[in-house]
Amino acid sequence: MDFSDTPEEAAFRAEARAFLTANAEPRAGSRPVLRQSGIDAEGVRRCKAWQAKKADAGFAGLTWPKRFGGREASPILQVIYNQEESDFVVPRGLYEIGLGMCIPTMMAYAAPEQLDRYVRPALRGEEVWCQLFSEPAGGSDLAALRTRAERDGDDWVINGQKIWTSGAHLSDFGIIVVRTDPNLPKHEGLTFFFLDMKSPGIEIRPIHQMSGARHFNEVFFTDVRVPDSQRLGAVGQGWKVSLTTLMNERLAVGDVQRPEVDDLLELSRKVRIDGKPAIQNGAVREKIAEWHARSQGLKFTRFRTMTALSKGETPGPENSIHKLVNASKLQDIASYGLDLMGAGGLVVDEDLAEAYAMFQSALLSSPSSRIAGGSDEILKNIIAERVLGLPPDIRADKGKPFNQVPTGRR
Amino acid sequence: MNFDFSDDLKQLRDQARRFLSERCAPAVVRRSLDGQERYAADLWREIAEMGWIGAAIPEEFGGAGLGYEGLCVLAEEMGRAVAPVPFASTAYLAAEAILTAGSDAQRSAYLPKLADGSLIGCLALSEGNGNPEPGTIHARVVGGLLTGAKWPVADGSVADIAVVVASDEHRQPGLFITDLAGVRRRDLNTLDPTRNHARLDFDGTPVEKLGSGGWGAVQRVLDRAAILFAFEQVGGADACLQMAKDYAQERYAFGRPIGSFQAIKHKLADMYVALELARSNAYYGAWALGTDATDLPLAAATARVSATEAFHLASKENIQTHGGIGFTWAVDCHLFYRRSKQLGLAIGSAPFWKDRLVDLLETRNAA
């Protein structure tokens, strides 16, 4: 066992570090980026500038084919770049979905001339992409989606509604999965397209979250026309294409969100219990130890994944563990930190609240972390079925034409 | 980044797993459970012949010189097999104490015999209730003679020598070593009859000092052992998850395998998560042991906390997954449930290691 990079990895790490040092502010000592609200116009400008710089230096799309501006690098180099970048404050949040999920799906299914048209502008951040999957009736049960597309000459006409679309209001293009035949069982009647988000008939409404953020959107489609040439995969093969997109989701490495254990440790030195620093309290120490063990366990699980990547293996469903553990840990640490503050924990005014109000902020944002991108329950199903090999659930909708599947009121 | 065991060690692990699944089948474990023998002596001899006991003992002292990663790999398999042998007592505790604290003369005198199985060792630490702290040590050595009672001592009745934690003339606790011939010993009934436990009554027993490291030397032995215990716990937890998974696929209720119910799936997913976190922390511990890293004490406490939690969860939820049959004497679930507690209480229980972990975090952050 050793933690050192191979010579190739070390050289790449040094190159990435040099690029970041020359172009970005180190994170150490900076205040935490809380992502309280969505990205504003200034944020978009900064994201675009950074992405162009990153792409021009060859650090965007590392694993992509060279003809699209990538390096055809092994996934381990992407992990190394992400590790290095996490030590710096860089504008984030605009391209993760487009570059992590949309464009890889395009690469698997779009025509060569379409790739020539769309990939490079996406990589340089000139064009933003979003992913139109979830619907009011299809979240965890994604394939239950109802948005319809009907053939009309060389076009398809889309009617319906998508929801939880990150960054739809900032996007130029989107990938979408829709129902083209409701008479078939649910997975069989789906078809996949990409479309122009400025198409007539698209209306985007931001969703105001409990945390105050407005990052997600509802997207309404009224007679939106999409040419058949923008279909990805065959008619009726939309589910298969969707799985390609979702496979790529696993490659995306999540941010470590704060407060982390060290933040709780620091807090527990400041606040007092029975006239002594809380860190001297046995119950507090027990909690800190447990969360430290979980954090470290995840960190070293990531190291094991990196080792597997380094040997050329592809990341699999076992990576569900990261978000599953992190999201709940974030919620629990946030809540416990506030408990330590007592009544003062209620206050979110940054001039009064401890630690830039990061505990308060995380209390309100962590519920979404446990749901978005696969709920805790779905991730546990994935681990049980795809890692441990347990049998799938018995489904009431199996084999039934979609339009005969029972639906509830919500 | 190579955060995995080498191919050679993986081969050793596979060999050990095959060997133990044959020679340490549940029927063998049950001979100890039912009180027919204090430990599986035949198995112990074979383990000694294969060089496992001395895996981490340097060749100059009669060991196999496989290094600590080798011993970690074997520890996991011992845990998986619930092996009824004094492996932990001899290899992780007695041999390690002698290796880290002893003089060259003591190393030469004891290590080759521990490695080849001709001597069994144990650590006489506890004196009844309480976790390992200087204040709990009342056994005392005056003029080279030890007086005091130690209980429970894992493998105390089957060991030939004991490393004893006792105070010296100046009431400074430290490590001593003694031959157990002639020492009054009594078997104790415990939660885990698959491991021998005894009460040792020392009454003017001649002992030798093992180094002069005081409590620091005791803690050092515990830290290093905690990593090896963590591997045993990971092995045990993995075995429980496998059992629960197999049962959930075979057992039908309401016309379907119980493993198709989310109540069972999520339970098993929770076991998997705890196990993976524990395994990753144990791996870091293996690295720290192998390189004698300055971070070793924190790595050890983290691995210990994680592994104790994982084995406890896996062993109790394995019973739960089995339903009624799970709490019968005939089904093996309870072997793991018992062993989980035995390993979890030996060398300090979870609250002790959690407290120590935070001490170490504070020290690190202060530095």
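Just so you know, the sequences run in chain order S and X.
If you're matching positions, the first sequence starts at 302 in the numbering used here and goes up one per residue.
If you're matching positions, the second sequence starts at 54 in the numbering used here and goes up one per residue.
Backbone N, C-alpha and C fix where the C-beta goes; we use that ideal spot for every residue, glycine too.
X:Val218 is the residue among X:Val218, X:Phe114, X:Ala109, X:Leu178 whose C-alpha sits nearest the C-alpha of lysine 262 of chain X.
Rounded to whole angstroms, the separation of the alpha carbons of glycine 362 of chain S and leucine 400 of chain S is 7 Å. Here DSSP, grouped into helix, strand and coil, assigns tyrosine 163 of chain X to helix. The beta carbon of histidine 509 of chain S is closer than 6 Å to those of Arg515 in its chain, skipping five residues each way along the sequence. In this structure, DSSP gives tyrosine 300 of chain X a helical state, which the three-state scheme calls helix. For phenylalanine 434 of chain S, there is no enclosing alpha helix (DSSP H), as DSSP marks it with neither H nor E. Between histidine 191 of chain X and glycine 201 of chain X, the C-beta gap is smaller than 8 Å, which places the two residues in contact. Rounded to the nearest whole angstrom, the CA to CA distance from threonine 361 of chain X to leucine 351 of chain X is 15 Å. Proximity of proline 404 of chain X to chain S, defined by a Cβ-Cβ separation below 8 Å, is satisfied. Under the Cβ criterion (8 Å, minimum of three pairs), the region 106-119 of chain X counts as touching the region 156-169 of chain X. Around the Cβ of arginine 595 of chain S, a 10 Å sphere holds 16 or more other Cβ atoms; the residue is buried. Nearest CB-CB separation between glutamine 302 of chain X and chain S: below the 8 Å threshold. For threonine 364 of chain S, no Cβ of chain X is located within less than 8 Å of the residue's own Cβ. Contact residues of the region 627-638 of chain S toward chain X are absent (C-beta to C-beta distance below 9 Å). In chain order, Pro692 make up the part of chain S whose C-beta sits under 7 Å from the C-beta of proline 310 of chain X.
Interface flag for asparagine 682 of chain S against chain X is set, since a Cβ pair is found closer than 8 Å. Along the length of the region 311-349 of chain X, whole alpha helix (DSSP H) runs at least 4 residues long occupy 315-344, reported in chain order.
If you check the CB distance, asparagine 334 of chain X and methionine 302 of chain S do not come in under 8 Å.
In chain order, His593, Ala594, Gln597 make up the part of chain S whose C-beta sits under 7 Å from the C-beta of threonine 355 of chain X.
In this structure, glycine 439 of chain S sits near leucine 446 of chain S, with a CB-CB distance shorter than 8 Å. Using a 10 angstroms sphere on the CB of methionine 511 of chain S, the tally of other CB atoms stays under 16, which defines it as exposed.
Residues of the region 313-343 of chain X that bring their beta carbon within less than 7 Å of a beta carbon in chain S comprise Ser313, Gln315, Lys318, His319, Leu321, Ala322, Tyr325, Val326, Glu329, Leu330, Ala331, Ser333, Asn334, Tyr336, Tyr337, Ala339, Trp340, Gly343, in sequence order. Here DSSP, grouped into helix, strand and coil, assigns lysine 394 of chain X to helix.
Secondary structure note for cysteine 403 of chain S: it is in no alpha helix (DSSP H), with a DSSP letter that is neither H nor E. Taking 8 Å as the upper bound for CB-CB distance, alanine 354 of chain X and leucine 413 of chain X are in contact here, some 6 Å apart. Each of S:Val380, S:Thr606, S:Gln597 was checked against the Cα of glycine 338 of chain X, and the nearest Cα belongs to S:Gln597.
In this structure the region 140-160 of chain X does not touch the region 80-91 of chain X; the number of beta carbon pairs closer than 8 Å is below three.
Contacts between lysine 298 of chain X and chain S, judged by CB atoms closer than 8 Å, involve Leu689, Gly690, Leu691 in chain order. 8 Å or more divides the Cβ of serine 472 of chain S from the Cβ of phenylalanine 517 of chain S. Taking the C-beta atoms as reference points, alanine 399 of chain X is found nearer than 8 Å to phenylalanine 282 of chain X. Among the CB atoms of chain S, none fall inside 8 Å of the CB of leucine 146 of chain X. Between phenylalanine 493 of chain S and glutamate 504 of chain S, the gap from beta carbon to beta carbon reaches 8 Å or more.
Sorting S:Asp357, S:Ala342, S:Ala325, S:Pro405 by C-alpha distance to the C-alpha of threonine 364 of chain S places S:Pro405 at the top.
Of the residues S:Arg393, S:Glu385, S:Glu686, S:Leu664, the one whose Cα lies closest to the Cα of alanine 353 of chain S is S:Arg393.
Among the residues of chain X, those whose CB is under 9 Å from the CB of leucine 566 of chain S are Val411, Leu414, Glu415, Asn418, following chain order.
Glycine 700 of chain S places its beta carbon less than 8 Å from that of proline 486 of chain S.
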